[in-house]
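Q: Shown below is the structure under consideration.
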Amino acid sequence: MTERPPPIEVRNLNKRYKDGPHANQDISLTVSWGEALGVLGPNGAGKTTLVRQITTELVPTSGEVRVVGIDAVSNPDAAKSRIGVVPQEARLFDGLSVYQHLRIFGVLRGLSRRAARERADELIEELDLAAHRDFSSERLSGGLRRRLLVGIAMLARPDVLILDEPTVGLDVESRQRLWEVLQGYRRRDGAVLLTTHYMEEAETLCDRIGIIQDGRLISLDTIANLRTSIGHEYKLVYETSEGSQTLFGDDHLALATQLRAQGVDEYAVMRTSLEDVYLALTQKARAKGEADAAE
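When we follow my numbering, the leftmost residue of the sequence shown carries the number 4, and every step to the right adds one.
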């Protein structure tokens with residue numbers, strides 16, 4: 004039996020705008036079936052540029068993008084047919100109901116009229132939109148609008164879902180409901196690539212985390228392995244006359260011994276968060292870049 008090619012393969016990807024910045028530099032990554040890969044980075048780091056090249060909206064300056072084995076640069080239409088996309092800035096059509104959006108976009112994605120109606124009904128149930136089925140889009144809350152946009156992306160049962168900041172601006176309840184939808188999609192062996200600023204979102208949804216800074220992919224691994232790579236498995240938080248202090252390390256008992264030797268008897272022991280890891284890795288990369296520039 005022939006093994007399926009990975010849902011997303013990116014090799015040595017570069018994007019340089021004419022007379023402008025090098026937005027992506029030599030990025031390589033692979034997303035596996037059933038996996039969610041989260042891409043983190045500060046504003047302007049190149050996350051959205053990476054996403055727009057994978058979805059064929061932008062043509063790379065050099066490098067390769069493959070979607071389920073399809074060359075997305077030379078055959079963008081075939082690649083796009085395997086992807087469902089939720090852009091950061093996406094709009095719905097005023098005056099069209101939830102059901103009408105799903106039915107019409109189903110036909111546009113190549114479903115027959117009957118299949119589009121049936122698929123719209125399925126997604127309305129799956130996305131818990133039945134109570135809002137006949138609401139026009141302008142009557143929907145932000146969370147419901149984002150859920151509908153994910154439904155539109157899922158209409159043709161794509162192999163890959165690509166989401167750029169999918170829950171930005173949503174309240175906690177709306178965000179968690181959308182996470183449930185994405186987790187259900189993954190359980191059916193779908194692949195997810197998402198960018199996010201929410202560390203909790205990345206920790207909840209993602210198997211691996213990629214961190215982009217200044218256009219480069221500086222880290223790509225599981226959260227556990229990223230913690231280990233920088234010796235940040237645990238943190239001890241304690242108070243001094245100068246305020247709250249944090250001590251990081253791999254062995255919380257050794258850290259506690261170190262603090263007690265300094266006369267500190269009161270402290271809190273915690274596992275490091277993804278935010279701690281993210282800050283440590285980006286600061287390390289920034290310091291290295293500054294040192295290289297100074298040479």
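Positions of the beta carbon are idealized from the N, C-alpha and C atoms, including for glycine. The structure displayed is predicted, hence computed values, not measured ones.
On the criterion of 16 or more Cβ atoms from any shown chain inside 10 Å, does Leu256 qualify as buried, or is it exposed?
A: Burial call: exposed.
Q: Please go through the same chain and pick out, in chain order, the residues whose beta-carbon is closer than 7 Å to the beta-carbon of Tyr201, but skip the five residues on each side of it.
A: Only Thr170 meet the Cβ criterion.
Q: In whole angstroms, what separates the C-alpha of Lys18 from that of Glu67?
A: Answer to the nearest angstrom: the Cα atoms are 11 Å apart.
Q: Count the other C-beta atoms from every protein chain shown that fall within 10 angstroms of the C-beta of Met157, then say buried if there are 16 or more, exposed otherwise.
A: Buried is the call here.
Q: Which whole-angstrom value is the C-beta distance of Leu181 and Val153, which I expect to be below 8 Å?
A: Contact flag correct, Cβ pair sits at about 7 Å.
Q: Run through DSSP, which three-state label would Glu168 get?
A: Three-state result, Glu168: coil.
Q: Could you check what DSSP says for Tyr241 in three-state terms: helix, strand or coil?
A: Here Tyr241 sits in strand by DSSP.
Q: With distance defined between alpha-carbon atoms, name the residue in Trp36, Ala26, Leu95 and Ser35 nearest to Lys50.
A: Closest option to Lys50, Cα to Cα, is Ala26.
Q: Could you have a look at Lys21 and say whether DSSP puts it in helix, strand or coil?
A: DSSP places Lys21 in coil when its eight states are reduced to three.
Q: Out of curiosity, what's the CA-to-CA distance linking Lys238 and Ala259?
A: So the two alpha carbons sit approximately 10 Å from each other.
Q: From Arg55, Glu38, His104 and Thr33, pick the residue whose C-alpha is nearest to that of Glu168; which is it?
A: Here the closest residue by C-alpha is Arg55.
Q: Who are the Cβ neighbours of Ile155 in its own chain at under 6 Å, not counting the five residues just before and after it?
A: Taken in chain order, the residues that qualify are Phe108.
Q: For the alpha helix (DSSP H) containing Ile226, list its first residue and its last residue.
A: That run of the alpha helix (DSSP H) goes Ile226 to Ser232.
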